[in-house]
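Colleague:
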Amino acid sequence: MGLKSPKLLLLGMIRFVVVIIITIASAGLVLTYHQTVLNFMWTRPESNWILWLWYLLSWLLSALLVGLSAVLSYLISQILFSVLIMDLMSRITEASITGKVQLPSNIPMWQQLLFLIKQEIPRATVPVLLTMLLIIVSWLTPLGPVVTILSSVIAIIFLAWDNTDLIPARRLMPFGERFRVLRRTLPFHLGFGLPFLIPFLNILFLSFAPVGATLYYIDRYQE
86 MGLKSPKLLL LGMIRFVVVI IITIASAGLV LTYHQTVLNF MWTRPESNWI LWLWYLLSWL
146 LSALLVGLSA VLSYLISQIL FSVLIMDLMS RITEASITGK VQLPSNIPMW QQLLFLIKQE
206 IPRATVPVLL TMLLIIVSWL TPLGPVVTIL SSVIAIIFLA WDNTDLIPAR RLMPFGERFR
266 VLRRTLPFHL GFGLPFLIPF LNILFLSFAP VGATLYYIDR YQE
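In structure tokens form, the structure reads like this:
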């Protein structure tokens with residue numbers, strides 16, 4: 086449906102382009118100061134015996150900085166831009182299927198959007214921070230492979246919930262009630278989020294995920 090509707094296709098591509106632009110810009114900014122950060126951590130040694138270790142640290146630092154920039158750019162685009170596009174895509178999908186968008190009465194549009202943005206901050210930041218914490222734990226313990234898999238599972242479940250939660254959040258359902266819905270539907274969210282693990286394509290899948298998530302919610306909870 087996301088590819089058949091011109092409006093949904095346009096919004097999905099806008100979200101996709103916004104994430105790509107912010108990622109490239111933040112990665113470029115981070116790499117600009119790469120040498121400064123590296124010199125602050127460890128000035129290039131003169132001994133050839135340990136110079137290889139300095140180069141290894143340089144490559145690892147580059148990979149870490151690019152990874153952090155990608156995470157930060159996702160959070161920034163998600164909170165400032167994508168949540169509005171996601172909600173609009175969800176509204177268009179709901180209206181196309183049910184003929185209307187069910188909203189709480191007597192609440193101005195700007196208050197609804199402000200509520201959605203406030204809801205997006207914990208939904209986007211908590212799973213990312215938790216995943217990063219688990220990755221650090223995997224580096225420091227012998228349970229690295231297990232923790233890495235666990236962190237990936239947690240990440241895709243919350244990414245899926247970020248989309249299936251659009252309609253309940255728009256209808257101003259309490260956070261606790263929405264979180265209980267997530268706990269009851271963990272297998273679905275795990276399956277829905279699996280494509281988000283595919284490198285590069287995951288950004289494209291995430292761009293159109295609000296459409297599929299809205300269809301799922303309407304099919305499951307339509308009165």
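In the numbering used here, the protein residues as written are 86 to 308. Even glycine gets a Cβ: it sits at the ideal position worked out from N, Cα and C.
What does a CB cutoff of less than 7 Å around ALA294 pick up in its chain, not counting 5 residues either side in sequence?
Modeller: Excluding sequence neighbours, ALA294 sits near ASN248.
Colleague: DSSP three-state label for MET258, please.
Modeller: Residue state, collapsed to three classes: coil.
Colleague: ILE252 and PRO212 - do their beta-carbons sit closer together than 8 Å?
Modeller: Going by C-beta atoms, PRO212 is not nearer than 8 Å to ILE252.
Colleague: Using the beta-carbon count (16 or more within 10 Å), is LEU218 buried or exposed?
Modeller: With fewer than 16 Cβ atoms within 10 Å of its Cβ, LEU218 is classed as exposed.
Colleague: Measuring straight from C-alpha to C-alpha, what distance separates ILE107 and ARG305?
Modeller: Going by the C-alpha atoms only, they are around 35 Å apart.
Colleague: Using a threshold of 8 Å, state whether the C-beta atoms of PHE277 and ALA245 are closer than that.
Modeller: Yes, the Cβ-Cβ distance between PHE277 and ALA245 is below 8 Å.
Colleague: Could you tell me the boundaries of the alpha helix (DSSP H) in which SER132 lies?
Modeller: Neither: SER132 is in no alpha helix (DSSP H) and is coded neither H nor E.
Colleague: ASN287 lies in the alpha helix (DSSP H); which residues open and close that run?
Modeller: 286–306 is the extent of the alpha helix (DSSP H) around ASN287.
Colleague: If we ignore side chains and look at the alpha-carbon of each, how far apart do LEU145 and ARG268 end up?
Modeller: Distance between the alpha carbons of LEU145 and ARG268 is about 37 Å.
Colleague: Helix, strand or coil, according to DSSP, for ASP250 in the structure here?
Modeller: It is coil, neither helix nor strand.
Colleague: Below 6 Å CB to CB, which residues in the same chain sit around LEU257 once its five sequence neighbours on both sides are set aside?
Modeller: Excluding residues within five positions, the ones whose Cβ falls inside 6 Å are PRO189.
Colleague: Could you check where the alpha helix (DSSP H) with ILE177 kicks off and where it finishes?
Modeller: Unbroken alpha helix (DSSP H) run through ILE177: 168–183.
Colleague: Please work out which residues of its chain come closer than 8 Å, Cβ to Cβ, to ALA180, disregarding the five sequence neighbours upstream and downstream, and give them in chain order.
Modeller: Closer than 8 Å at Cβ, skipping near neighbours: VAL186.
Colleague: Give me the Cα-Cα distance between LEU286 and SER237, rounded to the nearest whole angstrom.
Modeller: Between LEU286 and SER237, the C-alpha separation is close to 16 Å.
Colleague: Please state if the CB of THR299 and the CB of SER175 are separated by a distance shorter than 8 Å.
Modeller: Contact: yes.
Colleague: Can you tell me whether DSSP reads THR121 as helix, strand or coil?
Modeller: In the structure shown, THR121 sits in a helix (DSSP, three-state: H, G or I).
Colleague: Taking only the alpha-carbon atoms, compute the straight-line gap between ILE177 and SER292 and give it to the nearest angstrom.
Modeller: Each residue's Cα considered, the two are about 15 Å apart.
Colleague: So, helix, strand or coil for GLN187, using DSSP?
Modeller: Looking at GLN187 - three-state DSSP - the assignment turns out to be coil, as it is neither helix nor strand.
Colleague: May I ask you to report which of helix, strand or coil DSSP gives THR108?
Modeller: It is helical.
Colleague: Secondary structure at ILE99, three-state DSSP: helix, strand or coil?
Modeller: ILE99: helix per DSSP, three-state reduction.
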